[in-house]
Structures are given as C-alpha cells and as structure tokens.
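K.L.:
Residue numbers (my numbering), protein chains in the order written: chain A, 1 to 300; chain B, 1001 to 1350. Idealized CB from N, CA, C, for every residue including glycine. Being a predicted model, the structure only gives us computed values, none of them experimental.
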Amino acid sequence: MTTLQSGGPTPPDLSGRNLSLRRSIADRGATVLIGLCVLIAALPLALVAWQVVSRGASSWSLDWFIEEIPRNYRTAGPGMGPAILGTLAITGMAALLSIPIGVLGAVYLNEYGKNKPLARFIRTMADVMTGVPSIMMGLFIYVGYVIVIGDKTGFGGALALACLMLPIVIRSTEEMLRLVPDELRQASSGLGARKWRTVMGVVLPAASSGITSGSLLAVARAAGETAPIIVTVGLTYVYKPDLFDGQNTTLAAQIFRNASQPFAASQDRAWGAALTLIAIVFLFTIVSRIIASRFAIDKR
Amino acid sequence: MKLNRRTIFGTLTAGALAMSMAACGGGSDDNGADGEMVSGEITGSGASFPDAFYAAAIEAYAEVNPDLIVTYNAVGSGTGKSEFGEGLNDFAGSDSLVKDDDGPEAGSFQYIPTVAAPITVSYNLPGVEGLQLDQETLANIFQGAITAWNDPAIAATNEGVTLPDTAITVAHRSDGSGTTSNFTKFLDEATDAWTLGSGDEVTWPEGSIGGEKNTGVAQVITQTEGAIGYVDLADATETKLVTAAIENADGAFIQPTLEATTAALDGAEVADDLSYNPLNAAGAETYPIVAPTYILLRTDYEDEEVAAGVKEFVNYLLTDGQDIATDNYFAPLPAGLQEQALAALNETIA
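#1: Identify every residue that forms a DSSP beta bridge with Leu1133 (chain B).
#2: Flag Glu1136 (chain B) as yes if its beta-carbon sits less than 7 angstroms from any beta-carbon of chain A, otherwise no.
#3: Using a Cβ cut-off of 7 angstroms (strictly closer), state whether Lys1213 (chain B) contacts chain A.
#4: For the segment 1220–1242 of chain B, list every residue whose C-beta sits within 7 angstroms of some C-beta in chain A, in sequence order.
#5: In the structure shown, what three-state DSSP assignment does Gln1110 (chain B) receive?
#6: Anything in chain B within Cβ reach of Thr75 (chain A), meaning under 7 angstroms, just list it in chain order.
#7: Determine the direct distance from the alpha carbon of Cys37 (chain A) to that of Tyr1230 (chain B), and round the result to whole angstroms.
#8: Pick helix, strand or coil for Ala1335 (chain B), following the three-state DSSP scheme.
#9: Give the DSSP-derived three-state secondary structure of Asn1073 (chain B) in the structure shown.
#10: Residues in the segment 226–243 of chain A with C-beta within 9 angstroms of chain B's C-beta atoms, listed in sequence order?
#11: Quick one: is Asn1315 (chain B) near chain A, going by C-beta distance under 7 angstroms?
#12: Have a look at the DSSP bridge pairing and note the partners of Gly1044 (chain B).
#13: Starting from the C-beta of Gly1026 (chain B), find all residues in its chain whose C-beta is less than 8 angstroms away, skip the five residues before and the five after it, and write them out in chain order.
#14: Hey, quick one: how far does the alpha helix (DSSP H) through Pro1365 (chain B) stretch, first residue to last?
#15: What first and last residue would you give for the alpha helix (DSSP H) that runs through Thr173 (chain A)?
#16: Hey, quick one: how far does the beta strand (DSSP E) through Tyr1230 (chain B) stretch, first residue to last?
#17: Within 7 angstroms of any Cβ in chain E, is that where the Cβ of Ser54 (chain A) sits?
#18: Determine the DSSP secondary structure at Lys1185 (chain B), reduced to helix, strand or coil.
#19: Quick check on the burial criterion: 16 or more other C-beta atoms within 10 angstroms. Buried or exposed for Gly1336 (chain B)?
#20: Thr1169 (chain B) lies in the beta strand (DSSP E); which residues open and close that run?
#21: Please report how far the alpha carbon of Ala1116 (chain B) lies from the alpha carbon of Lys1185 (chain B), in whole angstroms.
#22: Excluding the 5 residues preceding and the 5 following Ala1033 (chain B) in the sequence, name in chain order all residues of the same chain whose CB lies nearer than 8 angstroms to its CB.
#23: Skipping 5 residues on each side, what residues in its chain have a beta carbon closer than 7 angstroms to that of Thr1007 (chain B)?
#24: Counting only the same chain and skipping the five closest in sequence on each side, list residues whose C-beta sits under 8 angstroms from that of Asn1315 (chain B).
#25: Label Glu58 (chain A) either buried or exposed according to how many other C-beta atoms from any shown protein chain fall within 10 Å of its C-beta, with 16 as the threshold for buried.
#26: Does DSSP classify Gly1127 (chain B) as helix, strand or coil?
#27: Quick check on Gln247 (chain A) - is its C-beta less than 7 angstroms from some C-beta in chain B?
#28: For Glu1063 (chain B), verify whether its CB is less than 6 angstroms away from any heavy atom of the ligand ZN.
#29: Which residues in chain A have a C-beta closer than 7 angstroms to the C-beta of Gly1087 (chain B)? List them in chain order.
#30: According to DSSP, simplified to helix, strand and coil, what is Ala292 (chain A)?
#31: Distance, Cα to Cα, Ala1057 (chain B) vs Thr1319 (chain B)?
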C-alpha cells in the first residue's frame, strides 16, 4: 500500500456518482437489461424443474427404486428399478467404452498428431459426428450389431451411446490438453522425462479436471438419450443386470413409453421417471464438480 | 504444484459406474405340455394401437404364470414387421397386413387376430353433443371442403341441433400411424368424395393441426374450439372427448362403442389367412370405422421353449385375455373368429 502525499493529486473517483446523466441512464439501463436476460434465461429452467418436481415427486418412495416396472399402463403404483439399473449400467458401460478411447485419441491429436493430415481429418470428423442426430448412431448399431447378433441387448445400447459420446469426449479433452502451458512440457523434457512420461505424468494430470467435467457432461447427455435406446435396447419390465442377455430398458425409454399413453397412472410414472433421470444427471454433475476441484492443479 | 500419477486413472475411470454382471437364470426343461407351466422369456414388438390391451393382458398373465416373462414393445407396426423379418422378436403385433417389402417372407408367418377397436371421430364444440355425420360429410370435413360447423351438409343430418358458425380445425396424427391408415382407408372405401387417398401418412388440408400419437391428437382437440379429429377409443374416453355418431353401411348413425365394434367384426368377411376387413361392415348396429389388429406368429420357431411360450401366451390372449379387453377399450373377437384363431394357433405351433 502506498500512502498518498498530502497535497498530491486526488485519486480518481470511480464510484460513478458524478457521471453525466446520459451515461448513468445508459449504465442503469444496460444493468437492468442484463439482469432481465438472466431472468428470462433462467425462467424456462426453473419452470421445467418446478413442473418435474411437483408432478414427479409424488411417485417417489422406497418401492419406486426397487420394484419391477408394472406391465400394465393403468396399474398405478411404483416400480422403476429395472430402468434405473439399466440407465446406470448402459451409460456406465458406454462411458467405460468411450472415455478411455476418447481421452487417448485426444492425446494423439494434441501431443502427437498436431497438424498432420490424419489428425486434421480425425478432428474434422469428430466435429461432424458431434452434430449427427443421435438416432443415426442408434441405426448404425442396429444394422452393425443388433441385426448381426440377432438380439436387442443392453450392450447394443451402450455401443450406440459410446459412439455418441466419443466425439464429445475427444473434442472436449483436446481443448483441455491445449490449455496446458507448453512450459510444463518443456520443463518435463528438460528434466529428462520421455514424451510418454511427460504426457502421462504432467500433461494429463494438469488437464484432468477439465477432462473429467467434459467426460461427465458427455455421460449426462448419453443418460438422457431416448431414440438410440429404443432402436437398440428394446424393453423389459424386470431386472436385467447382464447387458449381454436379452432386452433391457432405461429411464428415458420409460418416459417416452409411459408419457404416450392416455392413462393417469402411466403419465404419473413418466413424470416420476423424468424426475429420477434429472436427479441422476444432477448427481453426475455434482460428482464431476467435486472430482474436478479435487484434482485441479492449483496453488502455483 | 502437486502432480499425482494416479489422477490419470481417476480420470479414465471417472463416470464409469459399478456394474454387476450376474447371469440371468433362464429356461427350464419344461416342454409346455398340457397342464405344465412353460417358463423362459418371450419378446414381441410392433403395433402401438393394441399396446394398452397387450400390456394389461401381460400383467394379468404374469399372475397366472409368473415363470414366463412376456415383453411387448410398442415400436409401431412397420418396425415390428421388419424386426420380425430380422428375427429380433418372437412375435410381432401389426394393424396392417404384410406387404412384399415389409420384411417377413411369405409363408413364414401366420396372422392371429386378437382384438379390434373403433376409431372415434371426436370434436370440441361446447354445447353440441351427439353430432351425426354421414360418410360424405365426414370426408369433406377432413379434406377441408367444409370449413364451418354451421355448414348445411352438417345441419342436414342434425335436425334440431343449433350449430355455431365456429371454423372447423382438423386434428390429425403428425407421425406415421396405423390409425391414420385405417381412418383414411375407411373414407377412401366408403365415399367417392374423398380425394386425399389412404396410407400411414396423407397430405392434410392447410390449416389442420398435427398431434403426436393418439394422445397428441386428443390434446389438440381438447385445446382447440371447433376442432375435429380421429382418436382411438381409449384416448377419447380417458380425455373425455365428445364423439360423433357415424353413418354406417346400412345408413344408421352409430356411436363408437365396443358392442358396435364386435358387431362389425361379426359382419366382416374373414379370409383364409385369417385377415379380415371390418371397415364399413354390413349390419344395422355396426360402427363403420373399426381397426383390426393381428399378432404374427412364426410358422417355424427354432427354439422349442420359445415356441411353447408364444403358444401359451397367445392362447391366453385368445381365451381368458378376451375378458379383460372390454375394460381396456378393446372389443373381444366374436365367438366364430375366436375359434378360427385358436385353431390356427394350434396348427401353426404344434
């Protein structure tokens, strides 16, 4: 802190009190406008959350999470256990398939491929794939896997979701790797580490928080997919822990199925499933935040 | 700066969830002989139109025989038939007959009629109930030739009813649907006035509103004063829509009820392959717009256990299952057709 000398120039007044009328009106106006925009942006989110919670909360009970799904639309009462297990198992398997491949692919792109034609080609293709409608991935797996093995299975759904997640994981991870300062790589090389050690020991840990949140965003998106699941996974009312044995189901598929019936019982069930799905995605997000902050490189 | 080598593994496995891999116990040596309960798992997929009835029947059947797990996935008639062709399901549900490029090969399947249901013509016109529409007027309303409710053509069959000058809004299915197919097929067969053709999707007049599935059309009708649309009986009843009485082949105006539907099945001519056309069937009491639905059985099941399971479940649908049809807004088969269906089932799966 420097003390001001008496008689020296007075510090500029930054409080905005003596702004001209025009500027203060513009300032107020802009502030109100921005605040309004935030409110408008938040409004649909708040309404969706309120709708889903107010309509779905009544379905929740212990049985809701354990019981099998009622076979009849008109049978009131709980049961979404198989869909919860299916959502977790199928998206979990999809994550297991796509995240390692995606992260290592991004390492290639950013650390090895850089601007080689192959790397640029993969980068462009990944960008294109991010924009492909999810049903395309479903149909691709339907033709390439489901018809070949002759059965709809949970694993088929996991494959479709993995295809959907892969480009997202690749692109978000690459962006994160690009943010790692080159000085870190140079310091690591300067200490005698080989390239693979630099990547594994310095670059990836430095980017880990960003990679984690990027990957979990992809997981959250996959968890809510309906179209590819309906094409590849089929339907079940009972617990199917084995993804390779027979048809399965997920929360998103159950929302679609139950919401399209006119009966109050099935519509309540759809709202309950929607709330459950939002809760699961919310949990994912919190976990990703915790992991990201835990592994963040700080205190430089 | 703190670097931890393990973080990379944390990164790689983050998001991957614990997954238990337990083998499902499935199957037994039960061969499905009379008196013994078959077990295992059978899956069907197809038409969404009879989904509510099949779902109810599956639940009721699970109480009779909990060891046989039956799944019916309402993916639509077209998808159900192509999945049948690919061997992805054990039976398919379909509202329409199999055409050459649908998937199943000729001779590889057998139609089994299960239930039927009326397609209602529902409308939203406060204060006007029991509207009567003749077939030509119905066609003209849906193709946009009649645009107001007080049109003389409507008034002609509704003496004593005060019709408002509200504009007519046609509500239709936005998705390809068997309901659209049966409704337009009826108009096409019934009257020369109809010019839009028939099929899962047709080009509706400008200004009409599309709704997703029956539920969506029902919603459009509820929300739009002056709207008219075609909706299945379950949705119309559950959403408390007002239905119109439609002129049948004998010139009587009939409300869409299950009795009038079964009457239409009685009047319909059944072909050798058990397919039948109940649209505009003869009889004073028959409702003219009735949609049939079938189950496709394979003539050649590879797995005997699956064959026994399918046979037992379809047998249940055709016998005890018929009793719960009415509760779910579906009309049971008349006795004659039911016997034919059972005979075909026993012949197809020995």
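P.N.:
Looking at the atomic coordinates:
#1: B:Ile1246
#2: no
#3: yes
#4: Ala1234, Asp1235, Glu1238, Thr1239
#5: strand
#6: Glu1059
#7: 42 angstroms
#8: helix
#9: strand
#10: Ile230, Val231, Gly234, Leu235, Thr236, Tyr237, Val238, Tyr239, Lys240, Pro241, Asp242, Leu243
#11: no
#12: B:Tyr1072, B:Phe1091
#13: Legend: pLDDT at Gly1026 (chain B) = 37, less than 50; position of this residue unreliable, value from coordinates given subsequently. Only Gly1040, Glu1041 meet the Cβ criterion.
#14: The structure shown does not extend to residue 1365 (chain B), since chain B is modelled only from 1001 through 1350, so no value can be given for it.
#15: 154–179
#16: 1227–1232
#17: Looking for chain E here will not work: the only protein chains present are A and B.
#18: helix
#19: exposed
#20: 1169–1173
#21: 16 angstroms
#22: Its pLDDT being 43, under 50, Ala1033 (chain B) is placed unreliably in this model, and the value from its coordinates should be taken loosely. Around Ala1033 (chain B): no qualifying Cβ.
#23: Reliability fails at Thr1007 (chain B), whose pLDDT of 42 lies under 50, so the model's placement of it is uncertain and the value that follows must be treated cautiously. For Thr1007 (chain B), where only same-chain residues beyond five positions count, there are no Cβ hits under 7 angstroms.
#24: Leu1342, Leu1345
#25: For the record, residue 58 (chain A) in the displayed sequence is Ser; it is not Glu. Exposed, since its Cβ has fewer than 16 Cβ neighbours within 10 Å.
#26: coil
#27: yes
#28: This structure lacks the ligand ZN; in fact it carries no ligand of any kind.
#29: Gly150
#30: helix
#31: 11 angstroms
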